[in-house]
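Enquirer: This is the structure I want to talk about, given as structure tokens.
Protein chains: 2
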Amino acid sequence: MPSFSKCVQEMRTSEIRDLMSLATRPDIISFAGGMPNNDLFPVKEIDEIYNNLSDREKKIGFQYGPTPGYPPLIESVKEYLRTKNLPVDSNELIITAGSLQAINIVAKLFIDPGDTVITENPCFIGGTSAFKSYQANIESVPLDADGIIMDQLKRKFDDKSKNPRLVYLSPYFHNPAGIIYSEKRKMEVLHFLAGKDCVLIEDDPYNELYFDEKSKQLTVPMKTIQPEPVPICYIGSFSKILGPGMRLGWLLASPEIISKAQLAKQSIDACSSTFTQVLANQFLAQGKLKSYVENLRIIYARRMKIMNDCLKANMPPEVKWVEPKGGFYIWVELPENIDSLQIMKESAAKGAIFVIGKTFDPHGVRNNCFRLAFSHTPEDKIEKGVKIVSEAVKAKLK
Amino acid sequence: MPSFSKCVQEMRTSEIRDLMSLATRPDIISFAGGMPNNDLFPVKEIDEIYNNLSDREKKIGFQYGPTPGYPPLIESVKEYLRTKNLPVDSNELIITAGSLQAINIVAKLFIDPGDTVITENPCFIGGTSAFKSYQANIESVPLDADGIIMDQLKRKFDDKSKNPRLVYLSPYFHNPAGIIYSEKRKMEVLHFLAGKDCVLIEDDPYNELYFDEKSKQLTVPMKTIQPEPVPICYIGSFSKILGPGMRLGWLLASPEIISKAQLAKQSIDACSSTFTQVLANQFLAQGKLKSYVENLRIIYARRMKIMNDCLKANMPPEVKWVEPKGGFYIWVELPENIDSLQIMKESAAKGAIFVIGKTFDPHGVRNNCFRLAFSHTPEDKIEKGVKIVSEAVKAKLK
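Here the protein sequences line up with chains L and R, keeping their order.
First residue of the first sequence: 78, per my numbering; consecutive thereafter.
First residue of the second sequence: 78, per my numbering; consecutive thereafter.
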């Protein structure tokens with residue numbers, strides 16, 4: 078057999094996979110999976126939608142669709158994004174297989190082997206693996222509570238030989254960092270990138286999951302600012318507002334970029350599932366999204382509060398985290414010298430798991446931190462689980 | 078904005094797209110789309126399946142699934158392939174977004190820019206675009222009625238500097254050539270490739286669509302021969318036996334290849350739609366496939382016969398084609414000096430369209446041929462459409 082291609086030779090199994098197998102054991106309290114709980118999906122709503130589809134619509138669902146997406150869904154998503162003041166009329170939209178495929182396509186469009194991508198650190202693991210699969214040189218920049226640290230971002234542009242082509246940010250309820258960018262930081266990012274020869278990827282899958290009205294005001298995408306100081310690829314997803322199993326997301330970008338994205342998608346999978354696109358379209362068009370996410374916000378806010386209160390009550394003072402204003406995650410930072418893998422092992426032995434920090438470090442090094450997801454864990458188990466994790470931390474800090 | 082990556086710069090809009098927009102006009106008889114007719118989909122069967130799913134199964138459908146696929150579907154597909162004597166126990170299987178994603182992943186695994194892929198000529202356009210998207214050097218080999226022409230295949234291995242890494246074949250009811258490989262030709266291919274440092278992609282989406290029992294015997298995959306003389310990536314699809322809108326296919330290959338394919342898929346879309354996987358699993362597990370495809374075979378065979386008879390009655394003797402033993406297509410060859418685009422224009426003006434030959438030439442040149450799909454056209458329109466096409470040919474040959 079011939080050797081694998083260069084990009085494949087660099088691919089490594091992520092450590093998240095072994096964890097996920099533990100996560101399905103009923104005796105384990107899992108804060109590992111970055112996913113909604115199965116009990117939260119809008120099964121009834123989709124039942125109703127499916128059974129009211131016309132025969133014609135059902136047949137369309139079985140057929141190939143246009144590469145950019147099922148036209149009524151494109152219109153419904155545009156209408157939805159219009160309510161967020163996103164510039165859907167001067168841009169084009171393509172439906173993708175989740176936000177990950179959108180990231181992958183943008184990476185394909187702009188990355189030749191060795192090209193530099195700037196990511197946050199920590200970073201969404203799907204983003205990291207998409208960039209690596211095109212042999213990108215990843216340069217990462219740490220976050221503080223308000224977003225990417227500007228000084229360090231600026232320094233990445235100093236080395237002219239590196240010439241970053243993409244900057245990948247998840248400004249809203251960050252996975253895994255749990256933070257949301259301040260208005261000021263977003264402006265600083267845009268001001269700094271203005272006129273630079275790069276593309277900004279604004280990855281926004283958690284946009285709807287703010288916990289109060291004040292936090293909602295922080296969710297205004299950078300993409301709404303027109304004219305764009307730098308070309309922005311705005312990415313969204315149905316995974317957190319309907320279900321990841323639909324495998325539907327979108328990319329909103331300039332017509333030039335979307336036209337190339339269509340060609341790329343033609344060579345990847347021709348089109349996303351028309352069957353799930355027909356359902357997702359009705360979910361939006363019938364206005365079911367609104368009441369569904371209103372309920373999600375209440376549930377996730379409650380779970381976050383239980384987790385946050387329990388961390389406050391149980392973690393030693395050296396342990397830091399930012400209370401999330403939305404989303405799925407609390408990112409726990411330990412003193413520099415502590416290895417979260419040790420804590421993970423201790424904690425798993427006692428019955429609670431999470432994802433260790435280096436999983437989210439694009440360079441796979443920094444490990445004095447870990448991610449707790451509250452999205453997936455029933456309320457009555459959060460406290461018990463957090464206590465187990467806290468005990469493991471305390472034992473290590475003694 | 079930075080320039081697009083090298084692979085994207087080479088991407089061109091395929092001419093098939095403009096045709097497809099014509100194909101939706103009700104006054105046009107279309108032999109263009111390589112797809113089932115909407116009226117043939119198993120809507121009732123899937124209705125029944127959906128409404129009998131347990132709440133638990135439905136929720137699974139909304140959730141992320143494992144990257145290799147929904148485990149019960151993997152088992153059902155394996156069981157199905159076992160009935161075809163495919164070596165499912167010594168190989169592994171991954172569920173993909175249609176067969177195109179499987180081809181794309183194999184290309185990703187083995188192609189660095191400039192590496193050589195051998196394809197047939199004509200070739201499935203999705204295969205061509207997947208290979209080109211990794212900047213492969215495509216070398217194509219013509220077909221005769223029994224398969225790839227061996228002399229010309231062998232010559233492609235003479236130039237040691239080219240060193241083909243992949244050989245991509247669609248041996249069964251070829252798209253667009255309509256032929257099926259003879260037993261002898263398959264053996265010649267395997268004998269020649271034995272021990273060569275390359276991988277054979279055996280793309281088999283039309284396997285079930287044979288028109289009689291004698292033709293069925295020709296559908297035995299090369300992958301069934303053990304031990305494999307050359308590593309074979311065997312690819313199948315639900316697109317022709319359930320519906321392309323499900324976006325489900327599979328790749329059966331050695332554990333080493335599948336393990337890398339999983340890593341690649343993790344960076345592409347994480348998993349295929351669990352929602353459609355749950356449905357496809359029941360379609361197989363409840364044995365609904367068998368009776369459904371039995372009916373499809375009868376319908377497609379009838380459509381093919383109408384088209385073939387009508388071609389025989391109307392085409393001038395210089396025009397050649399092979400009567401298909403299964404599948405969707407008749408590939409019509411004209412004298413060398415005739416340009417099928419001219420015929421297409423004339424025919425479209427009179428109300429019948431098809432896909433011109435060079436669309437399927439990986440080098441975009443050879444155009445004295447065209448593809449007629451009978452899969453998508455109601456019986457009562459085939460004769461009228463073929464007459465229009467034949468008139469256009471006759472006018473040109475005069």
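For each residue, glycine too, the CB sits at the ideal point set by N, CA and C.
From a predicted model like this one, the values you see are computed outputs, not experimental measurements.
1) For residue 322 of chain R, count the other beta carbons within 10 Å of its own beta carbon; 16 or more makes it buried, fewer makes it exposed. Which is it?
2) Taking the CB atoms as reference points, tell me whether residue 192 of chain L and residue 179 of chain L lie closer together than 9 Å.
3) Please determine if the segment 201-208 of chain L and the segment 319-336 of chain L are in contact, where contact requires at least 3 C-beta pairs separated by less than 8 Å.
4) In terms of alpha-carbon separation, which member of R:381, R:360 and R:425 lies closest to residue 126 of chain R?
5) Distance check for residue 389 of chain R and residue 342 of chain R, CA to CA, integer angstroms please.
6) Are the CB atoms of residue 218 of chain R and residue 195 of chain R nearer to each other than 9 Å?
7) Going by C-alpha to C-alpha distance, which of L:81, L:473, L:113 and L:154 sits closest to residue 320 of chain L?
8) Can you have a look at residue 160 of chain L and say buried or exposed, based on whether 16 or more other CB atoms are within 10 angstroms of its CB?
9) Does the beta carbon of residue 321 of chain L come closer than 9 Å to any beta carbon on chain R?
10) In chain order, what are the residue ranges of uninterrupted alpha helix (DSSP H) at least 4 long that sit wholly in the segment 260-301 of chain R?
11) For the putative contact between residue 197 of chain L and residue 220 of chain L, defined by C-beta atoms under 8 Å, what is the C-beta separation to the nearest angstrom?
12) Could you round the C-beta distance between residue 263 of chain R and residue 299 of chain R to whole angstroms and report it? I think they count as a contact, below 8 Å.
13) When DSSP builds the beta bridges, which residues end up paired with residue 131 of chain R?
14) By the three-class DSSP mapping on this structure, what secondary structure does residue 387 of chain L have?
15) What residue range does the alpha helix (DSSP H) around residue 418 of chain R cover?
16) Taking 9 Å as the threshold (C-beta atoms), are residue 447 of chain L and residue 417 of chain L in contact?
17) With C-beta atoms as the reference, is residue 246 of chain R less than 9 Å away from residue 280 of chain R?
18) Report the neighbours of residue 207 of chain R on chain L: residues whose CB is nearer than 7 Å to its CB, in chain order.
19) Please identify the residue among L:226, L:394 and L:434 whose C-alpha is closest to the C-alpha of residue 258 of chain L.
20) Name, going along the chain, the residues of the segment 147-177 of chain R whose beta-carbon falls closer than 7 Å to a beta-carbon of chain L.
21) For residue 456 of chain R, which residues of its own chain have a beta-carbon under 7 Å away from its beta-carbon, when the five flanking residues on both sides are left out?
22) Between residue 511 of chain L and chain R, is there a C-beta pair that is closer than 9 Å?
23) Can you tell me which of the three DSSP states residue 113 of chain R falls into?
24) Could you tell me the distance, in whole angstroms, from the CA atom of residue 86 of chain R to the CA atom of residue 201 of chain R?
25) What are the residues that DSSP puts in a beta bridge with residue 398 of chain L?
26) Pull up the distance between the alpha-carbon of residue 119 of chain L and that of residue 367 of chain L, whole angstroms please.
27) Roughly how many angstroms lie between the CA atoms of residue 325 of chain L and residue 137 of chain R, to the nearest whole one?
28) State yes or no: is the beta carbon of residue 333 of chain R nearer than 9 Å to at least one beta carbon in chain L?
29) Comparing alpha-carbon positions, which option in R:471, R:474 and R:81 lies nearest residue 275 of chain L?
30) Taking 9 Å as the threshold (beta carbon to beta carbon), is residue 297 of chain L in contact with chain R?
31) Please report the Cβ distance between residue 406 of chain R and residue 253 of chain R, rounded to the nearest whole angstrom; I am assuming they are in contact, meaning their Cβ atoms lie under 8 Å.
32) Listing by chain order, which chain R residues have their CB less than 7 Å from the CB of residue 183 of chain L?
33) Counting contacts by CB-CB distance shorter than 9 Å, is residue 446 of chain R in contact with chain L?
34) Below 8 Å on the Cβ atoms is my guess for residue 369 of chain R versus residue 152 of chain R; work out the distance and round it to an integer in Å.
35) Run through DSSP, which three-state label would residue 156 of chain L get?
36) Tell me whether residue 447 of chain R sits in a helix, a strand or coil according to DSSP, three-state version.
Expert: Reading off the structure:
1) Mapped onto the second sequence, residue 322 of chain R falls at position 245. Classification of residue 322 of chain R: buried, given that the 10 Å Cβ count is 16 or more.
2) Here residue 192 of chain L is taken as the residue at index 115 of the first sequence, counted from 1. Here residue 179 of chain L is taken as the residue at index 102 of the first sequence, counted from 1. No, these two residues do not count as a Cβ contact at 9 Å.
3) no
4) Taking the second sequence and counting its residues from 1, the one referred to as residue 126 of chain R is at position 49. Comparing Cα positions, the closest option is R:360.
5) Taking the second sequence and counting its residues from 1, the one referred to as residue 342 of chain R is at position 265. Taking the second sequence and counting its residues from 1, the one referred to as residue 389 of chain R is at position 312. So the two alpha carbons sit approximately 46 Å from each other.
6) By one-based count along the second sequence, residue 218 of chain R stands at place 141. By one-based count along the second sequence, residue 195 of chain R stands at place 118. Cβ atoms of residue 218 of chain R and residue 195 of chain R: closer than 9 Å.
7) Position 243 of the first sequence, counted from the first residue, corresponds to residue 320 of chain L. Comparing Cα positions, the closest option is L:113.
8) Mapped onto the first sequence, residue 160 of chain L falls at position 83. It is exposed - the Cβ of residue 160 of chain L has fewer than 16 other Cβ atoms within 10 Å.
9) Taking the first sequence and counting its residues from 1, the one referred to as residue 321 of chain L is at position 244. With 9 Å as the cut-off, residue 321 of chain L counts as an interface residue toward chain R.
10) 260-270 and 290-293
11) Within the first sequence, numbered from 1, the residue matching residue 197 of chain L stands at position 120. Within the first sequence, numbered from 1, the residue matching residue 220 of chain L stands at position 143. With a Cβ gap of about 5 Å, residue 197 of chain L and residue 220 of chain L count as contacting.
12) On the second sequence, position 186 is the one that residue 263 of chain R refers to. On the second sequence, position 222 is the one that residue 299 of chain R refers to. About 5 Å; that satisfies the 8 Å criterion.
13) Start at 1 with the first residue of the second sequence, and residue 131 of chain R comes out as number 54. According to DSSP, which records beta bridges pairwise, residue 131 of chain R is partnered with nothing at all.
14) Position 310 of the first sequence, counting from 1, holds the residue named residue 387 of chain L. If DSSP states are grouped into helix, strand and coil, residue 387 of chain L belongs with the helices.
15) One-based indexing of the second sequence puts residue 418 of chain R at position 341. It spans 417-427 - the alpha helix (DSSP H) in which residue 418 of chain R sits, taken as one unbroken run.
16) Stepping through the first sequence from its first residue, residue 417 of chain L is reached at position 340. Stepping through the first sequence from its first residue, residue 447 of chain L is reached at position 370. Cβ atoms of residue 417 of chain L and residue 447 of chain L: closer than 9 Å.
17) The residue you call residue 246 of chain R lines up with position 169 of the second sequence. The residue you call residue 280 of chain R lines up with position 203 of the second sequence. Contact flag set, yes.
18) In the second sequence, counting from the first residue as 1, residue 207 of chain R sits at position 130. Near residue 207 of chain R (Cβ distances below 7 Å), the residues of chain L are 344.
19) Position 181 of the first sequence, counted from the first residue, corresponds to residue 258 of chain L. Minimum Cα distance to residue 258 of chain L is reached at L:226.
20) 174, 175 and 177
21) The count along the second sequence starts at 1 and reaches residue 456 of chain R at position 379. Within the same chain, residue 456 of chain R has close Cβ partners 379, 380 and 383.
22) No statement about residue 511 of chain L is possible, as the shown extent of chain L runs from 78 to 475 and does not include it.
23) Position 36 of the second sequence, counted from the first residue, corresponds to residue 113 of chain R. Three-state DSSP puts residue 113 of chain R in coil, outside helix and strand.
24) Reading the second sequence from its first residue, position 9 is the one you call residue 86 of chain R. Reading the second sequence from its first residue, position 124 is the one you call residue 201 of chain R. Computed Cα separation, rounded: 21 Å.
25) If you number the first sequence from 1, residue 398 of chain L lands on position 321. For residue 398 of chain L, which the question treats as bridged, DSSP gives no partner whatsoever.
26) Counted from its first residue, the first sequence places residue 119 of chain L at position 42. Counted from its first residue, the first sequence places residue 367 of chain L at position 290. Taking the straight line joining both Cα atoms gives about 12 Å.
27) Counted from its first residue, the first sequence places residue 325 of chain L at position 248. Counted from its first residue, the second sequence places residue 137 of chain R at position 60. Each residue's Cα considered, the two are about 16 Å apart.
28) As a first step, residue 333 of chain R is located in the second sequence; it is residue number 256 there, counting from the start. Cβ-Cβ to chain L under 9 Å: yes for residue 333 of chain R.
29) In the first sequence, residue 275 of chain L corresponds to position 198, counting from 1. Comparing Cα-Cα distances from residue 275 of chain L to each of R:471, R:474 and R:81, the minimum goes to R:81.
30) Taking the first sequence and counting its residues from 1, the one referred to as residue 297 of chain L is at position 220. It does not; no Cβ of chain R falls within 9 Å.
31) Start at 1 with the first residue of the second sequence, and residue 406 of chain R comes out as number 329. Start at 1 with the first residue of the second sequence, and residue 253 of chain R comes out as number 176. Yes, they are in contact, since the Cβ atoms of residue 406 of chain R and residue 253 of chain R sit about 5 Å apart, within 8 Å.
32) Within the first sequence, residue 183 of chain L is the residue found at index 106, counting from 1. The contacting residues do not exist; residue 183 of chain L stays about 11 Å from chain R at best.
33) Taking the second sequence and counting its residues from 1, one reaches residue 446 of chain R at position 369. Closer than 9 Å: no.
34) Taking the second sequence and counting its residues from 1, one reaches residue 369 of chain R at position 292. Taking the second sequence and counting its residues from 1, one reaches residue 152 of chain R at position 75. That pair is no contact at about 20 Å.
35) As a working note, residue 156 of chain L is residue 79 in the first sequence. DSSP places residue 156 of chain L in helix when its eight states are reduced to three.
36) Counting from 1 along the second sequence, the entry for residue 447 of chain R is found at position 370. Here residue 447 of chain R sits in strand by DSSP.
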